[in-house]
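Q:
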Amino acid sequence: DPDRFGTTYCDQGGFLHDADRFDPGFFGISPREALAMDPQQRLLLETAWEAFERAGIDPADLRGSLTGAFIGGSAGDYAVTGDSGEGHAVTGTIPSILSGRLAYVFGLEGPAVTVDTACSSSLVALHQAAQSLRTGETTLALAGGVTVMATPAGFIAFSRQRALAADGRSKAFSDAADGMALAEGVGLLVLERLSDAQRLGHPVLAVLRGSAINSDGASNGLSAPNGRSQQRLIRQALANARLRPSDVDAVEAHGTGTALGDPIEAGALQAVYGADRDPAAPLWLGSVKSNIGHSQSAAGVASVIKMVQALRNGTLPPTLHAEAPSTHVDWSAGTVRLLTSPVDWPAGDRPRRCAVSSFGISGTNAHVLLEEAPAPMPDTGSGPAAGGPPVSGLTSTESPREERARDLRAQEGRHREQAHSPASGASQSNTVPWVLSARTPAALRALAGNLAEVGADPVDVGFSLLTSRSLLEHRAVVLGEHRAGLAALAENRLAGSVVEGTADVSGRTVFVFPGQGAQWAGMGARLLAESPLFAERMAECAAALASCVDWSPLEVVRAGRELDRVDVVQPVSWAVMVSLAAVWESFGVTADAVVGHSQGEIAAAVVSGALSLADGARVVALRSRAIGARLAGAGGMVSVALPAAEVEPLLGAEVSIAAVNSPRSTVVSGDPAALDDLLARLAAEHVRARRIQVDYASHSAHVELLREDLAGSLAGIAPRAAAVPFYSTLTGEPIDTSTMDADYWFRNLREQVRFQTAISALLDTDHRAFLEISPHPVLNLAVQEIAEETGDPVVVTGTLRRGKDSLERVHTSLAEAYVRGVPVDWSGCFAGTGARRVDLPTYPFDHDSYWQTATKSQPAGGPDTSWAALDAADPA
């Protein structure tokens, strides 16, 4: 029916075929609400997340910031029924919610503005965002637009006006121009003051040099363009940018391909840019609408994206369907040339610049001027994101413990920078962690698969993942052979180079220091060579021990000597544990409490600040010497897999309970013959038990022999209040560490170890992460058994493993804690590597279809805007 629909009726356009797809769970939105949401809102949420990631910004960091959302958009025609839940239908398609939803979901507290000036909406939004940044009202801004045509209403309306090209192709500035082509789209730009972007290391794709907006005013028709207003607009924008017309190389025009609008726009460009221009440097003219159609509220941002990419690639792309320039334009009136084929756009002696125009059907016009990005500032991987000094200049509120951890991170970073300087020839490409996270296991696997296609340097990939991606609940850390690890993760296969888990634990962190039994010959030797911080702390411990022993713990570790003397094994174990704690702290993992088992309390006391390093060395060296001299050879200890209450009736006078480790693990000590008899009886009852490799009976009456010796040798120690709560396994509860004098260290060896009681007290005070700081985990199982009794979710991990003492093993232990929710600062791994940010695949959303179809009949007398009605209309 030509009279009804017009002779240019068209059923073709540029469609977002996946406009119904959305991942509501990622944004904390229920499926029911997602169904009621305007698809324009859904597209903006996902596009905003991707835009932040591409800008090297963790979206989570923006919560509560003065980040603005300036969105071009209009009321959608998405059908929302009234049964989608209270409030959902109300907010589903209101235009203001386009920006408001972004602010709400991301927690942005700058301006949230939805702009509706029809076709110029997104460019007007860009202008407003820039103004907000310049005044300081906003520190960061999202600007762009979105259009989704849920029904054919737009096609019908513009067909009636005979404004659509019959073949669905916009032929901007062509002699064959016969109307526009409608399209859908979404586009967002992240804007920041240039100085801020450079300071923060964010990639700069282009510079918004200036902009202006105005109105056609009282022209020859509400929707008709006004050439004089366009000229005035261009001059305003040039003045705002402090540029001359000859400073601009190209213009991305509004260029819809209509017989009325294109000649007026070309005339305005000729008048301002083309007059008195050097013929050797013409103004090049194009329109992205010839490629994708007129994306309406997103049209301006589409043009900006096109020209930013042209700046980055050094080529001006052609305008399609314009082989013959329009004869309605006097091209001889100035030096303006239509881009009918690609034109090289190389860098020259001045910055390359271009302009973008958008003209709204409402009469609101916008013109912006873009300039190529300045040369990037060097990014050495040692800035704020890689462990460098803070950039904000805010007053520090760090506690002494946090300050020490920060100093250790910086110290380790300096060590790494020296160890991996270009002159050293060393490479960390196989030791840096790749940290991945996602909302769901499926998305985590998809992310791994996408990353496998990235061909950038492994150090750059790891650095980029660390500095520009949000930390989500499903996590994986890929170490060693990254490609093989990614393949295993993507295929849901186990691999030694991958640590995967869910961050289901939140609570305080405990450093757990074991007693004797974790040692092994050569423990820490590789780490001495691979971690300068560990080596330095070990050297400090050796210096502290030097006045008490005639051997060096460094030599013992490096030589891999057997640790068969108590007066050697205990001081060496102490030094290794104290040094391993410093390594954990250098990764930002600090203790909220410490607990030690038997002699492990000496290391715990030093790490907590209860004892100085010198006093700790004195306690461990002198006490272990006394054990070797007075107790060695006269006793023994046995671990029994039974509760203490079931073990006690089995004991005679010569054997006593030495330690209650867990509901299923008890240690006894006493005379060797009595222990042999106990082992035989337990074996007959099929009870698991084993002899501990010591020849003395700690935590028994045997220790009474040392009371006077230790009172004298340890009389000079000066305990002090700890910086970190100290949970004593002597009392089973937190104690005032200033009371940890010589008598305490005697009782620590003499009395029963109440490890289970202390761990239970820690669990009762919301401690959930238990990190065993040792060369081999010996207490992990006990902690897990205690937590199982209470039902508390915990993460329990060690540090090194028997025969595995490399830096990669430390990274694996860090990863085991990290994937369960313990905060880890991985940035030190990249210090001194020259790491730089590279483009990575954006988040792989778990999409499903959310599309609601109106079931109610159309209002009486209203147009039928269904696709079926349009298809039934024959344009012929």
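In my numbering, the protein residues as written are -11 to 864.
C-beta: ideal position from N, C-alpha, C; glycine also.
Relative to the C-alpha of glutamate 804, which residue among Gln297, Ala440, Asp492, Leu453 is closest?
A: Taking the first residue of the sequence shown as 1, we reach residue 804 at position 816. Residue nearest to glutamate 804 within the set Gln297, Ala440, Asp492, Leu453 is Asp492 (criterion: CA-CA distance).
Q: Tell me which residues share the same chain as leucine 4 and place their Cβ nearer than 8 Å to its Cβ, disregarding the 5 neighbours each side in the sequence.
A: On the sequence shown, residue 4 is found 16 positions in, with the first residue counted as 1. Answer for leucine 4: Leu31, Val136, Glu172, Gly173, Val174, listed in chain order.
Q: Keeping to the same chain, check which residues put their C-beta closer than 7 Å to that of alanine 581; ignore five residues upstream and five downstream.
A: Looking up residue 581 in the sequence shown gives position 593. Arg496, Val498, Val712, Pro713, Tyr715, Leu750, His755.
Q: In three-state terms, what does DSSP make of threonine -4?
A: By 1-based counting over the sequence shown, the position of residue -4 is 8. Bear in mind that the predicted position of threonine -4 carries a pLDDT of just 49, short of 50, making it unreliable; the figure below should be weighed with that in mind. Of the three classes helix, strand and coil, the one that applies to threonine -4 here is coil, per DSSP.
Q: Starting from serine 612, follow the alpha helix (DSSP H) in both directions and report where the run begins and ends.
A: Taking the sequence shown and counting its residues from 1, one reaches residue 612 at position 624. For serine 612, the enclosing alpha helix (DSSP H) stretches over residues 601 to 618.
Q: Residues in its own chain within less than 6 Å of histidine 835 by CB, not counting five upstream and five downstream?
A: Looking up residue 835 in the sequence shown gives position 847. Taken in chain order, the residues that qualify are Arg9, Asp11.
Q: Between the Cα of threonine 315 and the Cα atoms of Ala164, Ser199, Pro334, His190, which residue gives the shortest distance?
A: Start at 1 with the first residue of the sequence shown, and residue 315 comes out as number 327. Looking at the Cα atoms, Ala164 is the closest of the given residues.
Q: Could you tell me the alpha carbon to alpha carbon distance between valine 655 and alanine 706, rounded to whole angstroms?
A: Numbered from 1 along the sequence shown, position 667 holds the residue referred to as residue 655. Numbered from 1 along the sequence shown, position 718 holds the residue referred to as residue 706. C-alpha separation (whole angstroms): 31 Å.
Q: Using the DSSP secondary-structure output, state which residues sit across from glycine 624 in a beta bridge.
A: On the sequence shown, position 636 is the one that residue 624 refers to. BP columns for glycine 624 point to Gly658.
Q: With a CB to CB cut of under 6 Å and the five nearest residues on each side skipped, what residues in its chain are close to leucine 6?
A: Position 18 of the sequence shown, counted from the first residue, corresponds to residue 6. Inspection of the sequence shows that residue 6 is occupied by aspartate rather than by leucine. Taken in chain order, the list of residues that qualify is empty.
Q: With distances taken from CA atoms, which of Leu769, Ile774, Leu795 is nearest threonine 785?
A: Indexing the sequence shown from 1 puts residue 785 at position 797. Selected option, being the one with the closest Cα: Leu769.
Q: Given this structure, state the Cα-to-Cα distance separating valine 289 from histidine 115, to the nearest angstrom.
A: As a working note, residue 289 is residue 301 in the sequence shown. As a working note, residue 115 is residue 127 in the sequence shown. Going by the C-alpha atoms only, they are around 11 Å apart.
Q: Roughly how many angstroms separate the alpha carbons of asparagine 301 and glutamate 41, rounded to a whole number?
A: Position 313 of the sequence shown holds residue 301. Position 53 of the sequence shown holds residue 41. Asparagine 301 and glutamate 41: Cα-Cα distance of roughly 21 Å.
Q: Counting Cβ pairs closer than 8 Å, one from the region 797 to 814 and one from the region 16 to 31, do we hit at least three?
A: Cβ pair count under 8 Å is below three, so no.
Q: Taking the straight line between their C-alpha atoms, what separation do you get for glutamine 0 and aspartate 65?
A: Along the sequence shown, read from residue 1 onward, the residue named residue 0 stands at position 12. Along the sequence shown, read from residue 1 onward, the residue named residue 65 stands at position 77. So the alpha carbons of these two residues sit roughly 18 Å apart.
Q: Relative to the C-alpha of asparagine 480, which candidate in Phe501, Pro429, Leu516, His470 has its C-alpha closest?
A: In the sequence shown, the residue the question calls residue 480 occupies position 492. Among Phe501, Pro429, Leu516, His470, the Cα nearest to that of asparagine 480 is on Pro429.
Q: Report back the beta-carbon spacing between threonine 35 and threonine 127 to the nearest angstrom; my notes put them in contact at under 8 Å.
A: As a first step, residue 35 must be located in the sequence shown, where it is residue number 47. As a first step, residue 127 must be located in the sequence shown, where it is residue number 139. So it is not a contact: roughly 21 Å between Cβ atoms.
Q: Using DSSP bridges, identify the partner residues of phenylalanine 501.
A: In the sequence shown, residue 501 corresponds to position 513, counting from 1. Phenylalanine 501 is bridged to Gly584.
Q: Under 7 Å Cβ to Cβ from glycine 142, same chain only, skipping five residues before and after it: list those, please.
A: On the sequence shown, residue 142 is found 154 positions in, with the first residue counted as 1. For glycine 142, where only same-chain residues beyond five positions count, the Cβ hits under 7 Å are Leu170.
Q: What is the DSSP secondary structure of methionine 168, counted as helix, strand or coil?
A: Start at 1 with the first residue of the sequence shown, and residue 168 comes out as number 180. Looking at methionine 168 - three-state DSSP - the assignment turns out to be strand.
Q: For glutamate 240 versus proline 213, is the C-beta distance shorter than 8 Å?
A: Position 252 of the sequence shown holds residue 240. Position 225 of the sequence shown holds residue 213. It is not a contact, given that the beta carbons lie outside the stated cut-off.
Q: To the nearest angstrom, how far is it from the Cα of proline 334 to the Cα of threonine 303?
A: Here residue 334 refers to the residue found at position 346 when the sequence shown is read from its first residue. Here residue 303 refers to the residue found at position 315 when the sequence shown is read from its first residue. Using only the alpha carbons, I get a separation of about 7 Å.
Q: Going by DSSP, name the residue or residues bridged to valine 103.
A: Here the question's residue 103 lines up with position 115 in the sequence shown. The partner list for valine 103 (beta bridge, DSSP) reads Gly60.
Q: Which residue wins for smallest C-alpha separation from alanine 622, given the options Ala633, Thr778, Asp659, Pro330?
A: Reading the sequence shown from its first residue, position 634 is the one you call residue 622. Among Ala633, Thr778, Asp659, Pro330, the Cα nearest to that of alanine 622 is on Asp659.
Q: According to DSSP, is asparagine 208 helix, strand or coil?
A: Taking the first residue of the sequence shown as 1, we reach residue 208 at position 220. If DSSP states are grouped into helix, strand and coil, asparagine 208 belongs with coil.
Q: By the 10 Å Cβ neighbour count, where 16 or more other Cβ atoms means buried, how is tryptophan 839 classified, buried or exposed?
A: For the purposes of this step, residue 839 is identified with residue 851 of the sequence shown, where counting begins at 1. Per the 10 Å Cβ criterion, exposed.
Q: Which of helix, strand or coil does DSSP assign to histidine 470?
A: Numbered from 1 along the sequence shown, position 482 holds the residue referred to as residue 470. Residue state, collapsed to three classes: helix.
Q: Name the residue from Asp552, Cys817, Ser596, Gly510 whose alpha carbon lies nearest to the alpha carbon of aspartate 724.
A: Within the sequence shown, residue 724 is the residue found at index 736, counting from 1. Here the closest residue by C-alpha is Ser596.
Q: Answer with buried or exposed for proline 251, where buried requires no fewer than 16 other C-beta atoms within 10 angstroms of its C-beta.
A: Here the question's residue 251 lines up with position 263 in the sequence shown. That one is buried.
Q: Valine 782 and phenylalanine 743 look like a contact to me (Cβ under 8 Å); what is the Cβ gap, rounded to whole Å?
A: Start at 1 with the first residue of the sequence shown, and residue 782 comes out as number 794. Start at 1 with the first residue of the sequence shown, and residue 743 comes out as number 755. Not quite, the Cβ-Cβ distance comes to about 15 Å (not below 8 Å), so this is no contact.
Q: Provide the residue(s) that pair with aspartate 332 in DSSP beta bridges, ordered along the chain.
A: Sequence index remark: in the sequence shown, residue 332 carries index 344 (1-based). Its beta-bridge partners are Thr303.
Q: Which term fits serine 535, buried or exposed, when burial requires 16 or more other beta carbons within 10 angstroms of its beta carbon?
A: In the sequence shown, counting from the first residue as 1, residue 535 sits at position 547. Serine 535 comes out exposed.
Q: Would you tell me roughly how many angstroms separate the C-alpha atoms of glycine 375 and glycine 816, rounded to the nearest one?
A: Here the question's residue 375 lines up with position 387 in the sequence shown. Here the question's residue 816 lines up with position 828 in the sequence shown. Legend: pLDDT at glycine 375 = 33, less than 50; position of this residue unreliable, no value from coordinates given.
Q: With burial defined as no fewer than 16 other Cβ atoms inside 10 Å of the residue's Cβ, what is the status of alanine 563: buried or exposed?
A: Counting from 1 along the sequence shown, the entry for residue 563 is found at position 575. Answer is buried; the Cβ neighbour count reaches 16.
Q: Excluding the 5 residues flanking arginine 51 on each side, which residues of the same chain have their C-beta closer than 6 Å to its C-beta?
A: Locating residue 51 in the sequence shown gives position 63, counting from the first residue. Contacts found: Gly95.
Q: Taking all protein chains shown into account, do 16 or more other C-beta atoms lie within 10 angstroms of the C-beta of threonine 841, making it buried, or fewer, making it exposed?
A: As a working mapping, residue 841 is identified with position 853 in the sequence shown. With fewer than 16 other Cβ atoms within 10 Å, it is exposed.
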